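Undergrad: Here the numbering used here is used: the first residue of the sequence shown is 210, the next is one more, and so on.
Could you have a look at this structure, given as structure tokens, before my questions?
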Amino acid sequence: MDRRIKAFLYSLPMVSLLPLCLFTGGPESPFRFVFFPLILVLSRQLAPNVLFVAGLTATLFFPILSLFTRQPIPDMPVFLAEISAYFLTSLAAVHVSRSISRERDRYENAISTFHSLSDALNYKNMNLQTTLDALSEAHKKLQEYDKNKTTFLSNVSHELRTPLSSIRSYSEILLNYDDIDNDTSKEFIQIINMESERLSTLVNEVLDLMKIEAGKVELNMSTVNPARLLEEGEKIVKPMAIEKGLSLEVEVDRDIPYIHGDRNQMIQVIVNLLNNAVKFTSEGSITLGARLQGDFVEFYVADTGEGIFPEEKEAIFDEFYRISDVVLHRPKGSGLGLSISKRIVEFHGGKIWVESELGRGSRFFFTIPLAPGNEPSRKEETRTTDIHVNAIYRPILVIANDITIRRALRKKLEELGYQTLGADTPGRALQITRSMKPGLIVLDVSDDWDNFFELLRWAKSSQIRSILVSLHIYNFGEEPRLALNGYITRPFDKHQILSMLDLLNIRGGKVAIVSPDQEESRTLQVLLGTAGYDTILFGAGAPAVKACGASAPEVLIIGSFRRNQVEEIVSALKSNPRTRNIPLLRILGTSLYKYVKTVTLDRASQNSGKDGLYKLIGEIEASYTENQDKSPETMMEKIE
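This is the structure in structure tokens:
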């Protein structure tokens, strides 16, 4: 209520007192004494100035009452004393009102201050509670980080210790025992090599994860064509799928909008998902695709594998979580691939998830935001068209029983931009050729002669160049080297043999022949004897190697031994400095020169020590290019 209205209402009793006294006796009215308690009561409600005006008005109007009533003033001194009492009482009431008003103001100020302090205290209490909640959350996160760090270090230590233990154990055996046979030694070296690769992969993945966790990943963002990402992912993983007998299909709309992201990082995600699909699918197919979903492009990788347990759908994206830890007889891995993929996708503003049913395979999905405007950038077009032309040729099929030699050769070729396939036997290679037609075949002599010659006949009928080569690892850690200086085919051709010896600058002298077939040895002895060569025959490798160490012959011809026996002879000769440079020729069971190119070690390269892969790589590049159709359409033919 307004203060003036309130003051007016409180003043009404004082104002109404005068008319009441007028009609009840004037100056002698008994109601005149009501003035004293009334003004004291009003002193608590009215402001001092208002109360003073009301009291002064009553004091002045009481003498006037006698004029309206026409009654004489009874006793002047008493009347004056009464009027003075009215005035003094009014002053006293004003003083009381002023004191009450002053105390009321103090009280209201105190209340206002109290409320202000209470509000400030509540605000600070809220801030303190918020700070406590934040500290509590931070403490929980620190505890979680500390727990994760401990788990991470424990897992890393375990993962590092396993391959390191294998490497150390097998290397110590090789160093401390001299009586280990060649097959066992090679097996140990292969294990050491595989564990080294596993260790290298783990270290790289841990470093990638640490960069992502620290936020130090430098994303090279650009406009990217999703269709090309799928094509590149298919090229990388398809050889692995074919080697395992799986079909890899790509489903993509060529008009799908462009996305915005780091091309290399997204290829890494696609390859991680495809690798897992190949690893955990024993038979069937793998499908890679992309489709438009709102403001995102949704990529997916589907397989026909065994599927994932429902409770593992979230856990598989955690660091070091591996299905093989809870399911026996499953492929091993570091358990970091999906974790890294998840963080890469989330860095791009997308999400990744999996849908799976046991026995019905799995479907992994991840989304990447669309590029603004959905127009291809110059940077993306330039980078895509600048790919090495060899990357779009048909792959090179490498066939070697020794896994170390096979991996070394494939790695060398892939560093040059070629796509490669690998097989350990001609029979396995024939299975691969039913699914994918290679552009070139590089193979070693195999004990499986039926499939070996069938493969060569298929290559001839398909007009695919084949390169025959024999490689050997002289010292641990080195790359494979050419081991043979030539091949002698059956039936024996004297002119072919003499021509080969002439190329090696061998014209006369001692020729050692080591063969388990006496007829084979005698026939060669007669042919070479009529040409003026002295021959010495051996039925086993050990005596031949010993004789070569005693008196080095001009050349050693190795007969129809099995592959492991040939490797023993070559290893023994190459490990001895006195016999290392003796030319080696190997006898084959049939003529190959009509449709097979042989790559052998010439005498000049052998004496200079340049017997590594450089000559073979040169022959592969020359034969591969020569085997391609010269038309632009065929030159740009992609992997089928």
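All C-beta atoms in this analysis are idealised placements derived from N, C-alpha and C, irrespective of residue type, glycine included.
Just so it is clear, the structure is predicted and the values come from calculations on it, not from any experiment.
1. As a quick exercise: from L501, S409, F505 and S679, pick the residue whose alpha carbon is nearest that of G695.
2. Please work out which residues of its chain come closer than 8 Å, Cβ to Cβ, to E566, disregarding the five sequence neighbours upstream and downstream, and give them in chain order.
3. Out of A580, N429 and N484, which has the shortest C-alpha to C-alpha gap to D504?
4. Measure the alpha-carbon distance for I715 versus G741 and round it to whole angstroms.
5. Are the C-beta of R615 and some C-beta of chain B separated by less than 7 Å?
6. Starting from F662, trace the beta strand (DSSP E) in both directions and tell me its first and last residue.
7. What are the boundary residues of the alpha helix (DSSP H) that M645 is part of?
8. Using only the alpha-carbon positions, how far apart do L796 and L639 sit?
9. Let me know if V510 comes out buried or exposed under the rule of 16 or more other beta-carbons within 10 Å of its beta-carbon.
10. Which runs of the alpha helix (DSSP H) spanning at least 4 residues fall entirely within the stretch 700-758, listed in chain order?
11. Using only alpha-carbon positions, find the residue among Q628, N336, V506 and R552 that is nearest to D527.
12. Suppose only complete runs of 4+ residues qualify. What are the alpha helix (DSSP H) ranges in the stretch 239-277, listed by chain order?
13. Considering R552, what are the terminal residues of the alpha helix (DSSP H) in which it resides?
14. Once you ignore the five residues that flank S724 on each side, which residues in its own chain have a CB closer than 6 Å to its CB?
15. Consult DSSP for K806 and reduce its assignment to one of helix, strand or coil.
16. At which residues does the alpha helix (DSSP H) containing A761 begin and terminate?
17. Answer with buried or exposed for F242, where buried requires no fewer than 16 other C-beta atoms within 10 angstroms of its C-beta.
18. Helix, strand or coil: how does DSSP classify G493 here?
19. Cα-Cα, which of P647, V805 and R615 is closest to L822?
20. On the criterion of 16 or more Cβ atoms from any shown chain inside 10 Å, does S225 qualify as buried, or is it exposed?
21. By a C-beta neighbour count over all protein chains shown, 10 Å radius and 16 as the cutoff for buried, is A290 buried or exposed?
22. Could you tell me whether the stretch 391-399 touches the stretch 372-383, using the rule of 3 or more Cβ pairs below 8 Å?
23. By DSSP, does D471 sit in helix, in strand, or in coil?
24. So, are the CB atoms of L438 and M475 less than 7 Å apart?
25. Find out if the Cβ-Cβ distance for the pair L665, I605 is shorter than 7 Å.
26. Below 6 Å CB to CB, which residues in the same chain sit around A436 once its five sequence neighbours on both sides are set aside?
27. Taking 8 Å as the cut-off, does the stretch 518-525 touch the stretch 561-576 (at least 3 CB pairs, one atom from each stretch)?
28. Determine which residues share a DSSP beta bridge with P222 and list them.
29. K333 by DSSP, collapsed to three states: which one?
30. Excluding sequence positions up to five away, which residues of its chain have a Cβ less than 8 Å from the Cβ of N473?
31. Going by other Cβ atoms of all chains shown within 10 Å of its Cβ, with 16 needed for buried, is E346 buried or exposed?
32. Tell me whether the stretch 780-788 and the stretch 652-664 touch, counting them as touching only if at least three CB pairs, one residue from each stretch, are closer than 8 Å.
TA: The relevant details are as follows:
1. S679
2. G516
3. A580
4. 11 Å
5. Absent from the structure: chain B. Only one protein chain is present.
6. Taken as a continuous stretch (DSSP letters only), F662 belongs to no beta strand (DSSP E), being part of the alpha helix (DSSP H) at W658 to S670.
7. Looking at the DSSP string, M645 is not in any alpha helix (DSSP H), and its letter there is neither H nor E.
8. Per the sequence presented here, residue 796 reads as Ile, with Leu not at that position. Looking at the two C-alpha atoms, the distance is approximately 24 Å.
9. buried
10. Taking only runs of at least 4 residues, the alpha helix (DSSP H) segments lying wholly in the stretch 700-758 are 703-712 and 727-739.
11. R552
12. 244-251
13. G546 to F556
14. S730 and G768
15. strand
16. No alpha helix (DSSP H) holds A761; DSSP gives it neither H nor E.
17. With fewer than 16 neighbouring CB atoms inside 10 Å of its own CB, F242 falls in the exposed class.
18. In the structure shown, G493 sits in coil (DSSP, three-state: anything other than H, G, I, E or B).
19. R615
20. exposed
21. exposed
22. yes
23. strand
24. yes
25. No.
26. V461 and R463
27. Here the stretch 561-576 makes contact with the stretch 518-525; the two share three or more CB pairs at distances below 8 Å.
28. Answer by DSSP bridge pairing: none, since P222 is not bridged.
29. helix
30. N429
31. exposed
32. no
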